[in-house]
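Chains as they are written, first to last, in full-length UniProt numbering: chain C, 1 to 666; chain R, 1 to 140. By construction, the Cβ of each residue, glycine as well, lies at the ideal position given by its N, Cα and C atoms. Since this is a predicted model, take the numbers as computed values, not measurements.
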Amino acid sequence: MDMSQYLGMFIEEARDHIQSLNDNMLKLEENPDNLQLINEIFRSAHTLKGMAGTMGFVNMQKLTHAMENVLAAARDGKLKINSNIMDVLFKTVDALEEYLDVIVATGSEGTEQNIGLVNSLNSILGKPQEQTGVEGKKVSISLEYDEFVMRAIERAHSQGFNVYKLDVELDPNCLLKSARAYLVFKAVEELGEIIHSKPPVQDIEDEKFDFEFSITIVSKEPLEKIRERILSISEIREVKGTEIKETKDVTATESQQEVTKGQEAQSTETVKVVREQKQAVTKKTSQTVRVDIERLDVLMNLVSELIIIKSRIEGLAKRYNGRQFEESIEYLERITTSLHDAVMKVRMVPVERVFSRFPRMMRDLARELGKEFELVMSGEDTEIDRTIVDELGDPLIHLLRNAADHGIEDPEERVRNGKPRSGLIKLSAYHDGNNVVIEVEDDGKGIDIEKVKKKAIEKGLLKEDQLDLSDQEVIDFLFLPSFSTKDKVTNLSGRGVGLDVVKTKIEQLGGMIEVNTEKGKGTRFVIRLPLTLAIIQALLVTVADEIYAIPIASIKEIIDIAKEDIKTVQKGREIIMLRNQVIPIKYLHKIVGRDIDLDKKKYTVVIVKRGEKLTGIIVDKLLGQQDIVIKSLGKYLEGIKLVSGATILGDGSVAMILDPNVLAAV
Amino acid sequence: MEQYLIFRLADEYYGLLVSFIENIEKMMPITRVPNTKEYIKGVINLRGEIVPVIDLREKIGVPKEEFGDETRILIVNWKNEFKVGLIIDEVLDVVYLSKEDVDSATKDRNEFSFTIAKYNNMLINIINLEDVLFKKAEEG
């Protein structure tokens, strides 16, 4: 069967399950005895195993299977969760995520078997190691059976019966696995009594198993006879039988801590491989949206209404009737607006999508850095356009790492300064008008302005006599490429990614970022993003006979100036003074490569901002402000600087949207 | 046997595999895109979709002329990755050409090479779309 059509669905669902594994495991770490959590984790692992099996991802299936066993033992109270077990479980989830990444990139799960991890999981249960083979080894029966079965085994022994555990493996090509299993059950029941089956009989009947199941039976017959009887059924590949002689508890504690070095090395290697593959093909499968069906219904209804009113207008156009015609047009207008809203909502997803992976990341980070802090998140349900959400991950990861690494002090230092031992990092999102605001705040030591100044002088960005800068201006240096105030390069800061990258990304998304900091109190990064990238408010301007759109969000103000107010400074650069601020001036017609006769007494200047930096753009004429729908210029024209897209105007003509960041770049 | 669209550029005949062509449009207003190559005339609004338009004459080095009544824009679809419009002088015919019709001889112009096909006494320059879209040629 061709499973590729289900791949997208598998990826989406697997991602959800992995996320919920991560979330619930974090909670479990706080409350290791919470049975409900263990149950939920078990369910996710179980479903994931089934899904991976169905798709033919055997390595992933094996790993989840081993994980499921551990969880089952914990669920049945045979295993107590401790931090070593949690570590192995977290590593397992990481490995599952890596499988998923490889699947996203290549469509197959790759060749990594994670034998080390499977062994660690098995050894938690005192199970034999993968390499040594399974047959004939001691079976830790105490973990396989519940008390009821254990008693049945004891009773059988005392009455002179034999107890066998039979691992039945079906042929991988076997169709109707449950029917085959039924035949096995029937055959075995002729020779003895089944006291336990794994998975439970109900699951076997529902085909909720892979190609293996095991049953435990009580019988007077010799093991070999039973084996042969089962093997005589067609499409049974193998039956492994073990006689269970004693029911003495086998403790599983000894091997719990075995997370071997070799295995760790192995898993880091996988990460590398996955990263490489990831970079190559991430775009392929990331553009799907799962949409609330209600929203689509609304959309559908509105579209049908639109079609109806359209035919009505067509009819009216034939025998024109002024008033009715106008009413219809108004109605059409209203529906179009609602349609626009509805479509926008389809594209909106909660920022939770990005936020949800941070608790886990911060937990690991705290361990890595040897610091103590808590991550508090709020406003996870704040919705923002899907395209923005997808791009938001990296900048936020950087800011959070930044807060943990540079912001939060060591516990001892915090105590010395009269702060609570454990730091606080807040990640919050909220709506503010047509914007979404995301804040990353820490209660750490704040940015050391003097240190930044010193560094700026060292780097030649600042002269000794220019020290009367405002704090804000000093902080802006942090956003310059390769500017780091960290003295020693750590695992975290040595990545070659700085705040400049964060800033560029945010600006690409049409947003902006600012920093508030107070020495000794903490730092707060505030990111302001548009709700959607698809529709923006823009100012339409003309140059010669061409119309251009400039996003309103990047315009500070529009002024008229007299020709003689334009001054020329060093190297022929033209500037104007606005409220004692020097603003460089550019001519739009030169930027877009048009010749116009600009012999006017007064010029219209659109002041655009890029961060704090202002640039005046002289335009020919203003046409006014309106909502525009951003359309891509397509792949063939990709990479053109200056133009960030195009829009279709009311009369059907096309106008270019100017990229304010390029306009402002000097 | 494959189907080709035969069209005219100045006084020469050209052919392009029909499977690439999505539509043939009459001339329509083209909005210039600043900072692009000369042969990219700009973009058009193709029923709500923004499509770049290339002047095929300029791209492959046939002398420029004014657009006329017969001027058309061939909307070609490159592997579902993007659409591009090609401005040509006149659409003539859609014909089947067999392998025998298509000569192995090639003609070079301005970095581009064309396979020659014979059809009803016409010599047809078969266009390699990949070359036209991606090969950088000297303009002019």
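List the residues of chain C that residue i touches, going by C-beta distances under 9 Å, in chain order.
i, result
"Lys83 of chain R", "Gly634, Tyr636"
At which residues does the beta strand (DSSP E) containing residue i begin and terminate?
i, result
"Leu97 of chain R", "90-97"
"Ile50 of chain R", "49-55"
"His431 of chain C", "423-432"
"Arg32 of chain R", "Looking at the DSSP string, Arg32 of chain R is not in any beta strand (DSSP E), and its letter there is neither H nor E."
"Ala117 of chain R", "112-119"
"His196 of chain C", "192-198"
"Lys454 of chain C", "Per DSSP, Lys454 of chain C belongs to no beta strand (DSSP E); it is in the alpha helix (DSSP H), 449-458."
"Phe134 of chain R", "That residue, Phe134 of chain R, is in no beta strand (DSSP E); its alpha helix (DSSP H) goes 129-134."
"Met577 of chain C", "573-578"
Closest by CA to residue i, which one among the options?
i, options, result
"Glu352 of chain C", "C:Met362, C:Asp381, C:Asp341", "C:Asp381"
"Gln581 of chain C", "C:Leu424, C:Ile607, C:Gln570, C:Arg594", "C:Ile607"
"Asn80 of chain R", "C:Ser178, C:Pro420, C:Tyr636", "C:Tyr636"
"Ile85 of chain C", "C:Gln61, C:Asn122, C:Lys49", "C:Asn122"
"Ile194 of chain C", "C:Arg363, C:Lys463, C:Phe161, C:Phe209", "C:Phe161"
"Ile425 of chain C", "C:Glu112, C:Gly446, C:Thr647, C:Pro199", "C:Gly446"
"Glu368 of chain C", "C:Ile244, C:Val354, C:Arg334, C:Ala404", "C:Ala404"
"Val298 of chain C", "C:Ile329, C:Leu622, C:Ser338, C:Ser428", "C:Ser338"
"Ile547 of chain C", "C:Lys609, C:Asp597, C:Leu623", "C:Leu623"
"Tyr430 of chain C", "C:Val415, C:Ser378, C:Glu374, C:Pro420", "C:Ser378"
"Val629 of chain C", "R:Ile124, R:Leu133, R:Ile50, R:Asn120", "R:Ile50"
"Leu5 of chain R", "R:Asn128, R:Asp131, R:Val95", "R:Val95"
"Ala181 of chain C", "C:Phe209, C:His157, C:Val163", "C:Phe209"
"Lys621 of chain C", "C:Asn114, C:Leu588, C:Met577, C:Ile103", "C:Leu588"
"Ile204 of chain C", "C:Asp500, C:Leu191, C:Ala179", "C:Ala179"
"Ser83 of chain C", "C:Gln113, C:Leu26, C:Glu109", "C:Leu26"
"Val91 of chain R", "R:Arg72, R:Ile126, R:Val102, R:Lys107", "R:Arg72"
Show which residues of chain R have a CB atom less than 7 Å away from the CB atom of residue i.
i, result
"Met577 of chain C", "None at all; the shortest Cβ gap to chain R is about 29 Å."
"Val541 of chain C", "Here the premise fails: no neighbours, minimum Cβ distance about 14 Å."
"Gly639 of chain C", "Correct list: empty, because the minimum Cβ distance to chain R is about 10 Å."
"Lys631 of chain C", "Ile50"
"Gly652 of chain C", "Asn45"
"Gly8 of chain C", "Near Gly8 of chain C there are no residues of chain R at all, since even the closest Cβ is about 17 Å away, more than 7 Å."
Under 8 Å Cβ-Cβ, which residues of chain R neighbour residue i?
i, result
"Met344 of chain C", "Going along chain R, no residue has its Cβ under 8 Å from Met344 of chain C, so there is no contact; the nearest lies around 17 Å."
"Ile124 of chain C", "Under the 8 Å cutoff, chain R gives no residues; its nearest Cβ is about 49 Å from Ile124 of chain C."
"Ile648 of chain C", "Asn45, Gly48, Ile50"
"Ser644 of chain C", "Going along chain R, no residue has its Cβ under 8 Å from Ser644 of chain C, so there is no contact; the nearest lies around 12 Å."
"Val51 of chain C", "The sequence shown places Met at residue 51 of chain C, not Val. Per Cβ cutoff of 8 Å: no residues; Met51 of chain C is ~30 Å from chain R at best."
"Val608 of chain C", "Chain R residues near Val608 of chain C: none, gap ~17 Å exceeds 8 Å."
"Val655 of chain C", "A small correction: the amino acid at residue 655 of chain C is Ala; Val does not occupy that position in the sequence shown. Going along chain R in sequence order, the residues near Ala655 of chain C (Cβ under 8 Å) are Thr31."
I think residue i touches residue j, with their Cβ atoms under 8 Å apart; what is that distance to the nearest whole Å?
i, j, result
"Leu296 of chain C", "Val349 of chain C", "With 8 Å as the limit, Leu296 of chain C and Val349 of chain C do not qualify as a contact, their Cβ atoms being about 14 Å apart."
"Val168 of chain C", "Phe213 of chain C", "6 Å"
"Gly124 of chain C", "Val70 of chain C", "A small correction: the amino acid at residue 124 of chain C is Ile; Gly does not occupy that position in the sequence shown. The Cβ separation is near 5 Å, so the contact holds."
"Asp55 of chain R", "Glu70 of chain R", "That belief does not hold up - the Cβ atoms of Asp55 of chain R and Glu70 of chain R are roughly 15 Å apart, past 8 Å."
Can you list the residues of chain C that residue i reaches, using a CB-CB cut of under 7 Å?
i, result
"Pro73 of chain R", "It should be noted that the sequence gives Ile, not Pro, for residue 73 of chain R. Neighbours of Ile73 of chain R on chain C: none; closest Cβ ~14 Å, over 7 Å."
"Pro63 of chain R", "In chain order: nothing, as chain C lies at least about 24 Å away."
Can you tell me where the alpha helix (DSSP H) holding residue i begins and where it ends?
i, result
"Asn435 of chain C", "Per DSSP, Asn435 of chain C belongs to no alpha helix (DSSP H); it is in the beta strand (DSSP E), 435-442."
"Val104 of chain C", "83-106"
"Thr337 of chain C", "322-347"
"Arg357 of chain C", "Looking at the DSSP string, Arg357 of chain C is not in any alpha helix (DSSP H), and its letter there is neither H nor E."
"Glu224 of chain C", "223-231"
"Ala73 of chain C", "58-75"
"Ala10 of chain R", "That residue, Ala10 of chain R, is in no alpha helix (DSSP H); it is neither H nor E in DSSP."
"Pro411 of chain C", "411-416"
"Thr387 of chain C", "386-402"
"Ile638 of chain C", "One detail in the question is off: residue 638 of chain C reads as Glu in this sequence, not Ile. Run containing Glu638 of chain C: none; DSSP gives neither H nor E here."
"Phe42 of chain C", "35-55"
"Ala562 of chain C", "Premise fails: Ala562 of chain C lies in the beta strand (DSSP E), 555-562, not in any alpha helix (DSSP H)."
Chain R partners of residue i, CB-CB under 9 Å?
i, result
"residue 680 of chain C", "There is simply no residue 680 of chain C to check, as chain C begins at 1 and stops at 666 in what is shown."
"Gly107 of chain C", "Residues of chain R passing the Cβ test: none, with the nearest at roughly 18 Å."
Checklist entry - Is the stretch 80-100 of chain R touching the stretch 654-666 of chain C, taking contact as three or more C-beta pairs under 8 Å? => result no
Item to check | Three-pair Cβ contact test at 8 Å for the stretch 9-19 of chain R versus the stretch 623-642 of chain C | outcome: Counting C-beta pairs with one atom in each stretch, the stretch 9-19 of chain R and the stretch 623-642 of chain C have fewer than three that are closer than 8 Å, which means they do not touch.
Checklist entry - For the stretch 216-230 of chain C against the stretch 43-59 of chain C, are there 3 or more C-beta pairs whose distance is under 8 Å? => result no
Next on the checklist: Quick check: the stretch 430-442 of chain C against the stretch 369-387 of chain C, are at least 3 beta-carbon pairs closer than 8 Å?
Outcome noted: yes
Item to check | Three or more C-beta pairs below 8 Å linking the stretch 587-606 of chain C and the stretch 15-27 of chain R | outcome: no
Item to check | Touching by the beta-carbon criterion (3+ pairs, under 8 Å), the stretch 111-118 of chain R and the stretch 26-34 of chain R | outcome: no
Next on the checklist: Would the stretch 60-67 of chain C count as touching the stretch 41-49 of chain C if we require 3 or more Cβ pairs under 8 Å?
Outcome noted: yes
Checklist entry - At a cut of 8 Å, does the stretch 500-511 of chain C reach the stretch 559-567 of chain C through at least three beta carbon pairs? => result Not touching, per the Cβ criterion.
Next on the checklist: So, does the stretch 451-471 of chain C touch the stretch 405-420 of chain C, judging by three or more C-beta pairs under 8 Å?
Outcome noted: In short, these stretches do not touch, since the Cβ pair count stays below three.
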